[in-house]
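Heads up: the sequence lines are chains A and B, in that order.
Plus 18 on top of the position in the first sequence (first one is 1) and you've got my numbering.
Plus 18 on top of the position in the second sequence (first one is 1) and you've got my numbering.
The C-beta atom is built at its ideal place from N, Cα and C for all residues, glycine as well.
Number of protein chains: 2
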Amino acid sequence: MRHFAEELEELKQALLEMGALVESSIHTSVQALTERDDRLARRVKEDEGLINKMELDLDARVTRLLALNQPVAGDLRLLVMCLKINTDLERMGDLSVSIAERAISLNKLNAPLGQPLLEMPRMASIVEDMLHRTLDAFVKRDADLARAILRTDDEVDALRDTVYKALIATMRTEPHLVDAAVHLMFIARSLERIADHSTNIAEDVIYLVRGIDVRHHAAEEI
Amino acid sequence: MRHFAEELEELKQALLEMGALVESSIHTSVQALTERDDRLARRVKEDEGLINKMELDLDARVTRLLALNQPVAGDLRLLVMCLKINTDLERMGDLSVSIAERAISLNKLNAPLGQPLLEMPRMASIVEDMLHRTLDAFVKRDADLARAILRTDDEVDALRDTVYKALIATMRTEPHLVDAAVHLMFIARSLERIADHSTNIAEDVIYLVRGIDVRHHAAEEI
Numbered sequence: 019m020r021h022f023a024e025e026l027e028e029l030k031q032a033l034l035e036m037g038a039l040v041e042s043s044i045h046t047s048v049q050a051l052t053e054r055d056d057r058l059a060r061r062v063k064e065d066e067g068l069i070n071k072m073e074l075d076l077d078a079r080v081t082r083l084l085a086l087n088q089p090v091a092g093d094l095r096l097l098v099m100c101l102k103i104n105t106d107l108e109r110m111g112d113l114s115v116s117i118a119e120r121a122i123s124l125n126k127l128n129a130p131l132g133q134p135l136l137e138m139p140r141m142a143s144i145v146e147d148m149l150h151r152t153l154d155a156f157v158k159r160d161a162d163l164a165r166a167i168l169r170t171d172d173e174v175d176a177l178r179d180t181v182y183k184a185l186i187a188t189m190r191t192e193p194h195l196v197d198a199a200v201h202l203m204f205i206a207r208s209l210e211r212i213a214d215h216s217t218n219i220a221e222d223v224i225y226l227v228r229g230i231d232v233r234h235h236a237a238e239e240i
Numbered sequence: 019m020r021h022f023a024e025e026l027e028e029l030k031q032a033l034l035e036m037g038a039l040v041e042s043s044i045h046t047s048v049q050a051l052t053e054r055d056d057r058l059a060r061r062v063k064e065d066e067g068l069i070n071k072m073e074l075d076l077d078a079r080v081t082r083l084l085a086l087n088q089p090v091a092g093d094l095r096l097l098v099m100c101l102k103i104n105t106d107l108e109r110m111g112d113l114s115v116s117i118a119e120r121a122i123s124l125n126k127l128n129a130p131l132g133q134p135l136l137e138m139p140r141m142a143s144i145v146e147d148m149l150h151r152t153l154d155a156f157v158k159r160d161a162d163l164a165r166a167i168l169r170t171d172d173e174v175d176a177l178r179d180t181v182y183k184a185l186i187a188t189m190r191t192e193p194h195l196v197d198a199a200v201h202l203m204f205i206a207r208s209l210e211r212i213a214d215h216s217t218n219i220a221e222d223v224i225y226l227v228r229g230i231d232v233r234h235h236a237a238e239e240i
């Protein structure tokens, strides 16, 4: 049996690899939209299969480590976090697929959605960066970095609200754009939810480092 | 220290209590819409605070049981599942709040949305029943019951698609109903996502009972 610390390190690396693939899926799903390229959208769907396999593999590894090493305190907390982060990453992969599917529908419609459409790459870029920094905070056990992510989430929410408002105005005045606007609204919603998952992970990191649970504002000091 | 089996039983009971509160939140959030009663919507928000506390408490209990008893095999799998079910239940609570908030907005608009609005209580009732049967399957370790839930999820998806189509048609022909239709569309989406979380739990139950992972169709025989 290999050393427990070594296995933990490998587990973290596997989680990071999964995170990198999810990040690339988010990017590609929005690129499929902006470049009107259905092949990119299909690639996101293929990558989802891989992400799903990674999730199953990670769960199995964590369960095995719990059974064989029966860790306590910090190591136990780390393994429980890995299970939760794993779930969040897999859901982000699902949301990327949902974006990719709506990109394919939107590409068919070729609708002039103007500014809201232009906001998508910007929103995606913030969301990808959030995920990247979140996993960085996890690896470095950096609670300050994790806290900064909670603030970025508010930014994403504000951006989503702006997009919603613009799209509702478009639908009111241009009924022929309703289908397209609905697709874009759900894409903005998916991006915002991806950001929420990063926020979940960031909260987990703060708990891991500080040992306080900041979910649902259980601790006042954050 | 109490007997481990006894503690596991208490943990299951706590999870069921949380499930019952989530079920009631789903029901109340849609009732707030159909009865145009903002007080009911506010009650859902209050209950969310309680659900969040239950989530934190359950996570802490599972972590403690892992540390103190260092279970293996079936018991370990049960505890890992409890962590995942806990997360699913908490997200369902969040989605109920999201429905309740949109119910408040819709109640203000008093928009004649016709059939799609009438579908909401029906959709909610299926979704509540799904959650109830899912937790029943969990307690009874009944894989057949859990499998039936995966089929009900397809029913919910179909219902959501019908609602989407009707709302898009409404928005195209009655621009003054756009705001209201968007709210209702997101409510249908939240109900469908609550059903997805039941599906997640049902898949976990099948894994718990059969020891095979049906997530992402890892097993062919379901």
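Buried versus exposed, by CB contacts within 10 Å (16 or more), residue i
i	result
G111 (chain A)	buried
L113 (chain B)	buried
N128 (chain B)	exposed
Q133 (chain A)	exposed
G37 (chain B)	buried
S116 (chain A)	buried
S143 (chain B)	exposed
A91 (chain B)	exposed
P89 (chain B)	buried
T46 (chain B)	buried
E27 (chain B)	exposed
T188 (chain B)	buried
D171 (chain B)	buried
T105 (chain A)	buried
L86 (chain B)	exposed
E35 (chain B)	exposed
E173 (chain A)	exposed
E238 (chain A)	The pLDDT assigned to E238 (chain A) is 43, lower than 50, so where the model puts this residue is not dependable, and the model offers no usable value.
R169 (chain B)	exposed
E210 (chain B)	buried
Rounded C-alpha distance that separates residue i from residue j
i	j	result
K102 (chain A)	L195 (chain B)	40 Å
I212 (chain B)	E73 (chain B)	17 Å
C100 (chain A)	L83 (chain B)	18 Å
V223 (chain A)	F156 (chain A)	6 Å
D147 (chain B)	L124 (chain A)	35 Å
E24 (chain B)	K30 (chain A)	34 Å
I167 (chain A)	S216 (chain A)	8 Å
E137 (chain A)	F204 (chain A)	14 Å
V227 (chain A)	A161 (chain A)	6 Å
L94 (chain A)	D56 (chain B)	43 Å
D77 (chain B)	A176 (chain B)	34 Å
A220 (chain A)	P130 (chain B)	42 Å
R151 (chain A)	M141 (chain A)	15 Å
R165 (chain A)	V98 (chain A)	20 Å
Y182 (chain A)	A199 (chain A)	9 Å
D197 (chain A)	S42 (chain B)	34 Å
G66 (chain B)	H21 (chain A)	For the record, residue 66 (chain B) in the displayed sequence is Glu; it is not Gly. For E66 (chain B) and H21 (chain A), the distance between alpha carbons rounds to 43 Å.
G229 (chain B)	D214 (chain B)	21 Å
L96 (chain A)	V48 (chain B)	38 Å
L39 (chain A)	I69 (chain A)	7 Å
L248 (chain B)	L163 (chain A)	Residue 248 (chain B) lies beyond the residue range present for chain B, which begins at 19 and ends at 240; the question has no answer from this structure.
T81 (chain A)	R190 (chain B)	51 Å
R233 (chain A)	R61 (chain A)	34 Å
S208 (chain B)	I122 (chain A)	23 Å
Under 7 Å from the C-beta of residue i: neighbouring residues of chain B
i	result
D197 (chain A)	I186
V181 (chain A)	Result: empty, since nearest Cβ-Cβ is about 12 Å, beyond 7 Å.
Partner residues on chain B for residue i, Cβ-Cβ distance less than 8 Å
i	result
P193 (chain A)	M189, R190, T191 and P193
K102 (chain A)	L101 and T105
V227 (chain A)	Those within 8 Å of V227 (chain A) in chain B number zero; the least Cβ separation is about 16 Å.
V157 (chain A)	Under the 8 Å cutoff, chain B gives no residues; its nearest Cβ is about 22 Å from V157 (chain A).
Contact set between residue i and chain A, taken where Cβ atoms lie within less than 7 Å
i	result
Q88 (chain B)	Q88
L107 (chain B)	Correct list: empty, because the minimum Cβ distance to chain A is about 13 Å.
Per-residue contacts from residue i into chain A (C-beta, under 9 Å)
i	result
R151 (chain B)	Chain A residues near R151 (chain B): none, gap ~22 Å exceeds 9 Å.
L84 (chain B)	L84, Q88, P89, V90, L94, L97 and V98
Beta-carbon neighbours of residue i, restricted to chain E and to distances below 8 Å
i	result
T46 (chain B)	Among the protein chains in the structure shown, which are A and B, there is no chain E.
Under 9 Å from the C-beta of residue i: neighbouring residues of chain B
i	result
V145 (chain A)	Near V145 (chain A) there are no residues of chain B at all, since even the closest Cβ is about 19 Å away, more than 9 Å.
M81 (chain A)	One point to set straight first is that residue 81 (chain A) is Thr, not Met, in the sequence displayed. The contacting residues are L94, R95 and V98.
Residue i: contacting residues in chain A (beta-carbon distance under 8 Å)
i	result
V174 (chain B)	Chain A residues near V174 (chain B): none, gap ~16 Å exceeds 8 Å.
V40 (chain B)	Correct list: empty, because the minimum Cβ distance to chain A is about 15 Å.
V62 (chain B)	Neighbours of V62 (chain B) on chain A: none; closest Cβ ~16 Å, over 8 Å.
V223 (chain B)	Those do not exist, as V223 (chain B) stays about 15 Å from chain A at its closest Cβ, beyond 8 Å.
V115 (chain B)	None at all; the shortest Cβ gap to chain A is about 12 Å.
Which runs of the alpha helix (DSSP H), 4 residues or longer, sit entirely within the region 39 to 70 of chain B? You should have found no qualifying run.
What alpha helix (DSSP H) runs, 4 residues minimum, are completely inside the region 182 to 215 of chain B? none
Which full runs of the beta strand (DSSP E) of 3+ residues lie inside the region 80 to 129 of chain A, going along the chain? none
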